[in-house]
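Q: Would you mind keeping the following structure in view while I ask a few things?
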Amino acid sequence: MIKHLEEMGCVFIRHGGKHDWYQNPKTKVSQPVPRHREIKEQLAKHIIKMLGDEG
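Taking numbering that gives the first Met the number 0, the leading residue of the sequence shown gets 0, the next gets one more, and so forth.
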């Protein structure tokens with residue numbers, strides 16, 4: 000998940016409790032990303048959609 004976000008151009012912002020925060024520098028949208036080995040596919044799609052260029 001993290002590798003895919005970084006390939007999209009997203010950058011790490013900070014650590015949260017159980018999440019890391021990533022931001023798309025083009026759109027300035029930030030999104031928490033769970034720090035788990037596995038996350039549900041629906042959540043992954045939501046994060047990618049929110050951090051994509053369309054926002």
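Glycine included, each C-beta is placed from N, C-alpha and C at the ideal position. Here the structure is a predicted model, which is why all the values come from computation and not from measurement.
Would you say D52 and R34 are within 8 Å of each other, going by their C-beta atoms?
A: Not closer than 8 Å, so no.
Q: Would you mind working out which of L42, Q41 and G8 sits nearest K27, comparing C-alpha positions?
A: Looking at the Cα atoms, G8 is the closest of the given residues.
Q: To the nearest whole angstrom, what separates the beta carbons of V65 and Q22, a pair I think is in contact under 8 Å?
A: The shown model of the chain, from 0 to 54, leaves out residue 65, and the question about it has no answer.
Q: With I47 as the anchor, note down where its beta strand (DSSP E) starts and where it stops.
A: That residue, I47, is in no beta strand (DSSP E); its alpha helix (DSSP H) goes E40 to L50.
Q: Put H14 into one of helix, strand or coil per three-state DSSP.
A: Strand at H14.
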